[in-house]
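Counted the way full-length UniProt numbering counts, the sequence shown spans residues 1 to 151.
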Amino acid sequence: MDKQETPTKLEYYHNMWKFDSEAIFLSFLQGEDCRQALILDYTIFHPQGGGQPSDIGFISVSDSAFRFVVEDVRSIDGIVYHYGHVENLEGGLEPEWKIEKGTRVHLHVDESRRNLNSRLHSAGHLLDISIRNVGLGHLVPGKAYHFPDGP
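1) Provide the residue(s) that pair with D72 in DSSP beta bridges, ordered along the chain.
2) In three-state terms, what does DSSP make of E32?
3) Please work out which residues of its chain come closer than 6 Å, Cβ to Cβ, to T43, disregarding the five sequence neighbours upstream and downstream, and give them in chain order.
4) Under DSSP, the beta strand (DSSP E) around L107 begins and ends at which residues?
5) Could you name the residues that DSSP lists as bridge partners for T43?
6) For R35 and G78, I'd like the C-alpha separation in whole angstroms.
So, in structure tokens, the structure goes:
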């Protein structure tokens, strides 16, 4: 994979209610752990962080059967990695499934998962404020964990 120097543009900061969009495919990564990732110029997928799990969904190409199921999203040094797998394929990407750098792709975020994550994250902040307001300000909050499945 070529090193990308331009950070991924993060649309979710400007519009967290955007669940469908388009981006430009930049590169594909297959890590030593066999995880596959797509890197795009722009994303509406919220990466894991701040105690909140990442968005899930899919990335597709118009007029193509290509569909990449996004299972996890991480941001490393400003680059967002969309981890997942190509649907209905085993053994990695076959040549006919590869997409060219510069291809326009469609992004779809799972709306119900985003809404659940957002509500749990906000609830954590409300709980923190409530603890202080009932006289328990001496308690120091630990690391946030707003995952619906628990630790």
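We put the CB at the ideal spot given by N, CA and C, even for glycine. Note that this is a predicted model, so its numbers are computed, not measured.
For this structure:
1) Y83
2) coil
3) T8 and V80
4) R104 to V109
5) L10
6) 19 Å
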